[in-house]
Amino acid sequence: MVWHTVSFPLLSSQSCIIQYKGTHMALQMSIGFLFMGGGRASLSRSKESIAALLAACFPRFPKSIDDNQYHLQPLRHLWVMAVSWRGLKAVDADTGKDVVVPLLVELDACVDYTAETAHVPATKRRIVTPCLLPPLKDISCVCINSERYYPNKWAIPRSAAVY
Amino acid sequence: MPRCTDFKSIISIAIFKCNARRRSECGILLPARLCLIVKRRPGYSSFSRDPYAPPGMGCETGHREKEYLRIRHVLAPWAHAQPTNSIRGRVRELENELIAIVAGTRINDNLEYTADPLLVTFSRHFCDAVASNRHSASRSQIWGGGKNATPLGIASSSIGRWCMRVLYTCVATDQPTALPLYIQLHYSALVFSLTRQPRQWLSLCAVIK
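In order, the protein sequence lines correspond to chains A and B. Numbered per the numbering used here, the first sequence finishes at 163, counting up by one with no gaps. Numbered per the numbering used here, the second sequence finishes at 372, counting up by one with no gaps.
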């Protein structure tokens, strides 16, 4: 909350028209979605996650702290069930520091992603660490796409890509 | 209708069960383990230290000196071609800068092109003076023969050049164990030259060169 008031003083201003608890709740939820997990997490696309998000973001926000007339306030916490940790970073084996490494993510053939460049097929995607991976269930493998580093390839197990 | 506190407890239990199930199913890909361990090839700098890296991946050139940027670019000419000098001059320049960086005489930025103590020691004791070309006369005493008389029959600066090439080969190919072999060959050439065995001496010189 301190971070919120420091970074966004307008939201805590008394002269602002924002008065209701529901408005603050909506704004804080949006900020939480934006900076979820310090940039290392994102929202999942599974059906269960969408259902949880629908329950959490139901557009009937309360007027006060005890307003549960149209939507139960505890259900706002259900967005946690839709969180998917997909932040990826690369660490240099010699120095132990985070490094910038171009990667090539091979997606499944059935996945429809837009290719960023004309040289990369639609089933491959170039990313640079640190970054957020696509949904893990759509990834077949991740390999290094740079001459500066020794080639390596990581396969994503299907059991790990449930969410 | 249950009270609000009851719903809170129900939801907290559901979230706890969901996290437990996720942890058991995810196995090796827990959040803390979405981390790739990579190893940089010898002779290459990281993208964060490369001023000629693609946008968003390189270093901030505003805080660096021009000479420093040039040195770092010289260290990986095969990554980004720069057709300015001839090949021979290019290789010579690359060797000089590599010696200076490995020896730590020109940059104090801890560019870890090699962490092998043998190579670092060799560069500091035999190649730093060659790079600056100040103490080549005294350094040449180590190799025997004084300033103008060396076992290879060339000037002392050429000995230094030979040292730089040896060091460059060892660093670029990531084979520090080749350095003792080079030194032993050189020592053998020195012995043959002192014992006046020209045939063996010439053959060894050809091998070393």
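In this text, a Cβ means the ideal position worked out from N, Cα and C, and glycines have one as well.
Strictly under 8 angstroms for the Cβ-Cβ distance: is residue i near chain A by that measure?
{"i": "tyrosine 331 of chain B", "result": "no"}
{"i": "leucine 281 of chain B", "result": "no"}
{"i": "arginine 362 of chain B", "result": "no"}
{"i": "valine 334 of chain B", "result": "no"}
{"i": "tyrosine 207 of chain B", "result": "yes"}
{"i": "arginine 204 of chain B", "result": "yes"}
{"i": "cysteine 368 of chain B", "result": "no"}
Give a yes or no on whether 8 angstroms exceeds the smallest Cβ distance from residue i to chain B.
{"i": "valine 120 of chain A", "result": "Below a pLDDT of 50, predicted positions are generally treated as unreliable, and valine 120 of chain A, at 49, falls in that range; the measurement from the model is reported next regardless. Not closer than 8 angstroms to any Cβ of chain B, the Cβ of valine 120 of chain A fails to qualify, so no."}
{"i": "tryptophan 154 of chain A", "result": "yes"}
{"i": "tyrosine 149 of chain A", "result": "yes"}
Count the other CB atoms, across all protein chains shown, that sit within 10 Å of the CB of residue i; report buried if there are 16 or more and exposed otherwise.
{"i": "leucine 342 of chain B", "result": "buried"}
{"i": "serine 64 of chain A", "result": "exposed"}
{"i": "threonine 95 of chain A", "result": "exposed"}
{"i": "threonine 358 of chain B", "result": "exposed"}
{"i": "glycine 323 of chain B", "result": "buried"}
{"i": "aspartate 337 of chain B", "result": "exposed"}
{"i": "alanine 52 of chain A", "result": "buried"}
{"i": "phenylalanine 35 of chain A", "result": "exposed"}
{"i": "glycine 87 of chain A", "result": "buried"}
{"i": "isoleucine 200 of chain B", "result": "exposed"}
{"i": "threonine 129 of chain A", "result": "buried"}
{"i": "asparagine 271 of chain B", "result": "The predicted model places asparagine 271 of chain B with a pLDDT of 39, which falls under 50 and marks its position as unreliable; any figure quoted below should be read in that light. The residue in question, asparagine 271 of chain B, is exposed, as its Cβ has fewer than 16 Cβ neighbours within 10 Å."}
Where does residue i fall in DSSP's three states?
{"i": "valine 334 of chain B", "result": "helix"}
{"i": "tyrosine 70 of chain A", "result": "coil"}
{"i": "valine 283 of chain B", "result": "helix"}
{"i": "tyrosine 150 of chain A", "result": "coil"}
{"i": "proline 343 of chain B", "result": "helix"}
{"i": "isoleucine 102 of chain A", "result": "A quick correction: the sequence has proline, not isoleucine, at residue 102 of chain A. Strand, per DSSP."}
{"i": "serine 351 of chain B", "result": "helix"}
{"i": "glycine 96 of chain A", "result": "coil"}
{"i": "lysine 21 of chain A", "result": "helix"}
{"i": "isoleucine 144 of chain A", "result": "strand"}
Determine the chain B residues that contact residue i at a beta-carbon separation under 7 angstroms, and present them in chain order.
{"i": "glycine 87 of chain A", "result": "Leu197"}
{"i": "aspartate 67 of chain A", "result": "Simply none; closest approach about 10 angstroms."}
Could you give the residue range of the alpha helix (DSSP H) that holds residue i?
{"i": "lysine 47 of chain A", "result": "47-56"}
Anything in chain A within Cβ reach of residue i, meaning under 7 angstroms, just list it in chain order.
{"i": "tyrosine 350 of chain B", "result": "Per Cβ cutoff of 7 angstroms: no residues; tyrosine 350 of chain B is ~32 angstroms from chain A at best."}
Which chain A residues sit within Cβ distance under 8 angstroms of residue i?
{"i": "valine 201 of chain B", "result": "Ala90, Val91, Asp92, Ala93, Val99, Val101, Ile144, Tyr149, Tyr150 and Asn152"}
At which residues does the beta strand (DSSP E) containing residue i begin and terminate?
{"i": "lysine 124 of chain A", "result": "124-128"}
{"i": "alanine 41 of chain A", "result": "41-43"}
{"i": "serine 84 of chain A", "result": "83-85"}
{"i": "leucine 199 of chain B", "result": "198-201"}
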